[in-house]
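Residue numbers (this note's numbering): 741 to 885. Note that CB positions come from ideal geometry on N, CA and C, so glycine has one too. Everything on this sheet refers to the single structure shown next.
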Ligand code: FES
């Protein structure tokens with residue numbers, strides 16, 4: 741079996757799919773090579789992520805990692821969400837095949853982009869909090885189509 745049970749569970753029954761109409765942080769990242777797109781919606785109140793939803797046009801690994809990543813940041817503070825790494829998400833999913841690790845970067849980048857949008861909407865420069873956003877394309881070169 742190529743994928744862990746957790747990956748299969750989150751792929752076949754993804755959590756937090758959809759969009760939030762009054763989101764105050766929205767991020768979209770895409771990959772030109774495989775054509776996968778991820779959009780992340782955050783509803784943040786008093787520095788806490790009250791709700792999170794995502795929509796993706798992506799592969800199974802991208803769906804599973806986004807589902808797990810949204811579960812991991814829901815109810816957490818913005819600071820905690822900023823610390824979430826794709827390797828922590830992959831670990832929570834009990835691993836991904838090496839060629840699919842790159843897909844998990846899409847979820848992390850979508851969350852960071854949405855958090856950057858949240859700061860920007862408040863007139864705050866997000867760079868000191870979010871850092872320079874990596875281009876997922878660069879991480880994605882080894883991605884299998
Ligand atoms: Fe591109 Fe998985 S996100 S193939």
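Inter-stretch contact at 8 Å, needing at least 3 Cβ pairs: the region 750 to 770 / the region 853 to 870: A contact exists between the region 750 to 770 and the region 853 to 870.
First through last residue of the alpha helix (DSSP H) which encompasses residue 864: Per DSSP, residue 864 lies in no alpha helix (DSSP H) and is assigned neither H nor E.
Residue 762 CB to nearest heavy atom of the ligand FES below 7 Å: In this structure, the C-beta of residue 762 stays at least 7 Å away from each heavy atom of the ligand FES.
Backbone secondary structure at residue 742 - three-state DSSP: In the structure shown, residue 742 sits in coil (DSSP, three-state: anything other than H, G, I, E or B).
Outcome for residue 943 when other beta-carbon atoms lying within 10 angstroms are tallied against a minimum of 16: In the structure displayed, the chain extends from 741 to 885; residue 943 sits before or after that span and is not available.
Cβ shell of residue 788 (< 8 Å), same chain only, five flanking positions each side left out: Residues of the same chain with a CB within less than 8 Å of the CB of residue 788, apart from the 5 flanking positions on each side, are 815, 816, 817 and 818 in chain order.
Distance cut-off 7 Å: residue 802 Cβ against heavy atoms of the ligand FES: Result yes, Cβ under 7 Å from the ligand FES.
Every unbroken alpha helix (DSSP H) within the region 745 to 818, with a cutoff of 4 residues, ordered by chain: If only complete runs of 4 or more residues are kept, the region 745 to 818 shows the alpha helix (DSSP H) at 745 to 752 and 800 to 813, in order along the chain.
Length of the line joining the Cα atoms of residue 722 and residue 866: Outside the shown range of the chain, which is 741 to 885, sits residue 722, and nothing can be said about it.
Cα-Cα separation, residue 754 to residue 861: Going from the Cα of residue 754 to the Cα of residue 861 covers about 29 Å.
CB-CB length for residue 844 against residue 796, believed under 8 Å: Not a contact, Cβ separation roughly 12 Å.
Cut-off 7 Å between Cβ atoms - residues of its own chain near residue 835, not counting five sequence neighbours on either side: Contacts found: 744.
Element boundaries [alpha helix (DSSP H), containing residue 831]: Residue 831 -> alpha helix (DSSP H) spans 826 to 832.
CB of residue 803 within 8 Å of CB of residue 751, strictly: Yes, Cβ-Cβ distance for residue 803 and residue 751 is below 8 Å.
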